[in-house]
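Residue numbers (my numbering): 3 to 208.
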């Protein structure tokens with residue numbers, strides 16, 4: 003079983019967007035996929051409610067206890083709420099073998115991410131390489147000064163892989179409204195987005 007957690011203590015970093023798109027991709031590829039919505043806002047669950055019945059099935063859950071069933075083809079994706087720290091963060095992280103941390107290009111988000119990444123890096127399972135952690139720049143606008151700052155900052159993070167950057171565009175709004183993933187939408191309209199997703203897909207071994 004592959005367990006993927008999308009997490010950042012800062013709200014509004016795009017955790018749900020990444021979680022639902024990962025779930026859609028995995029389901030489309032034939033994996034038995036469970037999307038665990040741990041966020042009180044229930045945005046992932048709302049996205050799942052909009053998902054067309056004609057698309058690959060994704061099982062929804064709102065708790066850890068219902069996702070313990072193991073299987074070679076099984077993938078569990080956790081959409082984690084903001085403001086998770088200390089022992090709670092440690093308990094969450096231990097549920098995963100792959101952790102994705104999205105970071106937005108803003109001074110506030112970058113400062114919060116720096117503190118959060120330090121906390122994650124200091125955890126025993128991460129130190130022992132039992133859990134792999136990767137960074138994703140999210141909702142980026144190319145050729146802006148703030149994106150250049152974020153890009154440079156993430157590249158300098160030692161011991162944690164900076165995987166890819168996702169652009170800020172309306173395809174993700176359409177995805178949220180329709181219950182679809184980027185890879186389930188029109189190829190021409192999402193060509194650039196698909197290319198940006200490929201490094202993350204490879205890193206996750208999907």
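Where is the CB? At the ideal position from N, CA and C, for every residue including glycine.
Remember, predicted model here, so these are calculated numbers, not experimental data.
Quiz prompt | Alpha-carbon spacing of residue 94 relative to residue 193, whole angstroms | solution = Approximately 34 Å between the Cα atoms of the pair.
Self-check item: Helix, strand or coil at residue 163 [DSSP, three-state]
Solution: Secondary structure at residue 163: strand, using DSSP grouped into helix, strand and coil.
Quiz item: So residue 112 is in the alpha helix (DSSP H); what residue range does that whole segment cover?
Solution: Note, residue 112: alpha helix (DSSP H), 109 to 123.
Practice problem: Drop a sphere of 10 angstroms on the beta-carbon of residue 145, count the other beta-carbons inside from all chains shown, and report buried for 16 or more, exposed for fewer. | Solution: Classification of residue 145: exposed, given that the 10 Å Cβ count is below 16.
Exercise. Please look up how many angstroms separate the CB atoms of residue 109 and residue 8, rounded, as I've assumed it's under 8 Å.
Key: Between the beta-carbon of residue 109 and that of residue 8 there is about 22 Å, and that puts the pair past the 8 Å contact cut.
Practice problem: Output yes or no for whether 8 Å exceeds the beta carbon distance between residue 83 and residue 111. | Solution: Cβ distance not < 8 Å, so residue 83 and residue 111 don't count as in contact.
Quiz prompt | Residues near residue 125 in its chain [Cβ-Cβ closer than 7 Å; skip 5 each side] | solution = Excluding sequence positions up to five before and after residue 125, its CB lies within less than 7 Å of the CB of 92 and 95, all in the same chain and listed in chain order.
Practice problem: Taking only the alpha-carbon atoms, compute the straight-line gap between residue 100 and residue 147 and give it to the nearest angstrom. | Solution: The alpha-carbon atoms of residue 100 and residue 147 are separated by roughly 30 Å.
Quiz item: How big is the Cα-Cα spacing for residue 89 and residue 132?
Solution: Each residue's Cα considered, the two are about 18 Å apart.
Quiz prompt | Alpha carbon of residue 32 to alpha carbon of residue 159, nearest angstrom | solution = In this structure, the alpha-carbon of residue 32 lies about 34 Å from that of residue 159.
Quiz item: Is the CB-CB distance between residue 161 and residue 123 below 8 Å?
Solution: It is a contact, given that the beta carbons lie within the stated cut-off.
Practice problem: Starting from the C-beta of residue 54, find all residues in its chain whose C-beta is less than 8 Å away, skip the five residues before and the five after it, and write them out in chain order. | Solution: Counting only Cβ-Cβ distances below 8 Å, and skipping sequence neighbours, we find 180, 181 and 182.
Self-check item: Straight-line gap, residue 167 to residue 198 (C-alpha atoms, nearest Å)
Solution: Rounded to the nearest angstrom, the gap between the Cα atoms of residue 167 and residue 198 is 6 Å.
Self-check item: Through-space distance from residue 134 to residue 156, alpha-carbon basis
Solution: Approximately 16 Å, taken between the alpha carbons.
Quiz prompt | Other residues of its chain near residue 195: CB distance less than 6 Å, five sequence neighbours each side excluded | solution = If you ignore the 5 residues before and after residue 195, its C-beta comes within less than 6 Å of the C-beta of 173 and 184, all in its own chain and listed in chain order.
Practice problem: Would you kindly report the start and end of the unbroken beta strand (DSSP E) that includes residue 76? | Solution: Where residue 76 is concerned, the enclosing beta strand (DSSP E) stretches over 76 to 81.
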